[in-house]
Amino acid sequence: MNTDIKNLAAVLATVVWADGVYDEAEKVAVEEIAEALELDNAELTAAVEAALGEVENMNEEQVNEYILNNSAEIDEEEAEIVFEAALQIAIVDGVLGTEEVDNLLAVASALGIDDARAVLLIIDLAKEEEELELAF
Numbered sequence: 002m003n004t005d006i007k008n009l010a011a012v013l014a015t016v017v018w019a020d021g022v023y024d025e026a027e028k029v030a031v032e033e034i035a036e037a038l039e040l041d042n043a044e045l046t047a048a049v050e051a052a053l054g055e056v057e058n059m060n061e062e063q064v065n066e067y068i069l070n071n072s073a074e075i076d077e078e079e080a081e082i083v084f085e086a087a088l089q090i091a092i093v094d095g096v097l098g099t100e101e102v103d104n105l106l107a108v109a110s111a112l113g114i115d116d117a118r119a120v121l122l123i124i125d126l127a128k129e130e131e132e133l134e135l136a137f
């Protein structure tokens, strides 16, 4: 992966931030993402935890700026891969709520993925996850 692990971790951390809890399921998802992207698990985990430390006391506007700054550093050819990783983090708890979707759309936009494409990726993932609860 050409993208710096810290920028990937920052994007993933903002998705965790939207959910409000970095629980065991999300930690396992980070490990699975590291494996899928052939990254060092310990390095990605540490980077996500460091990024969470940065965003945990930010307000929504500051988090959006953080997303924009870090997404600008994501390799263009890897933007959709990073977005799909963010989707995995968002749904790992079995619930996808409106705040998470809003955050995912902000992430997609920051990554240069248009809204229509992002929505289709979210829908596609929701179709695959039969037990996913959509919380309105």
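Using our numbering, the first residue of the sequence shown is number 2, and each one after it goes up by one. Backbone N, C-alpha and C fix where the C-beta goes; we use that ideal spot for every residue, glycine too.
Report the residue from the options whose alpha carbon sits nearest the alpha carbon of residue i.
i: Leu-38; options: Ile-6, Glu-62, Asp-116 and Leu-121; result: Ile-6
i: Ile-34; options: Gly-98, Gly-95 and Ile-82; result: Ile-82
i: Met-59; options: Ala-19, Asp-115 and Asn-3; result: Ala-19
i: Ala-91; options: Thr-4, Asn-3 and Val-29; result: Val-29
i: Leu-88; options: Glu-77, Ala-109 and Gly-113; result: Ala-109
i: Ala-48; options: Asp-103, Val-102 and Leu-13; result: Leu-13
For residue i, verify whether its CB is less than 8 Å away from any heavy atom of the ligand PLP.
i: Ala-111; result: The ligand PLP is not among the ligands present in this structure, which contains no ligands whatsoever.
In chain order, what residues of the same chain lie with their CB nearer than 7 Å to the CB of residue i, ignoring the 5 residues before and after it?
i: Glu-44; result: Ile-6
i: Phe-137; result: Thr-99
i: Val-17; result: Tyr-23, Glu-27, Leu-53 and Ile-90
i: Gly-95; result: Glu-132, Leu-133 and Glu-134
i: Asn-104; result: Thr-15, Val-16 and Ala-19
Let me confirm a value: residue i is counted as buried when at least 16 other C-beta atoms fall within 10 Å, else exposed. Which label applies?
i: Asp-24; result: exposed
i: Ile-123; result: buried
i: Asn-42; result: exposed
i: Asn-3; result: exposed
i: Glu-101; result: buried
i: Ala-11; result: buried
Let me see if you follow: with CB-CB separation under 9 Å, is residue i close to chain C or not?
i: Val-16; result: Absent from the structure is chain C; it holds one protein chain and no more.
To the nearest angstrom, report how far apart residue i and residue j are at their CA atoms.
i: Leu-9; j: Leu-126; result: 20 Å
i: Glu-132; j: Leu-53; result: 28 Å
i: Val-22; j: Val-120; result: 24 Å
i: Ser-72; j: Asp-115; result: 14 Å
i: Leu-40; j: Phe-84; result: 16 Å
If you drop the 5 nearest sequence neighbours on each side, which residues of the same chain put their C-beta closer than 6 Å to that of residue i?
i: Glu-32; result: Asn-42
Notebook entry, point to check: Going along the chain, which unbroken runs of the alpha helix (DSSP H) with 4 or more residues stay wholly within the segment 32 to 77?
Noted result: Listed in chain order, the complete alpha helix (DSSP H) runs (minimum 4 residues) inside the segment 32 to 77 are 42 to 56 and 61 to 72.
Notebook entry, point to check: Residue ranges of each alpha helix (DSSP H) run of no fewer than 4 residues wholly in the segment 74 to 112, ordered along the chain?
Noted result: Listed in chain order, they are 80 to 92 and 99 to 111.
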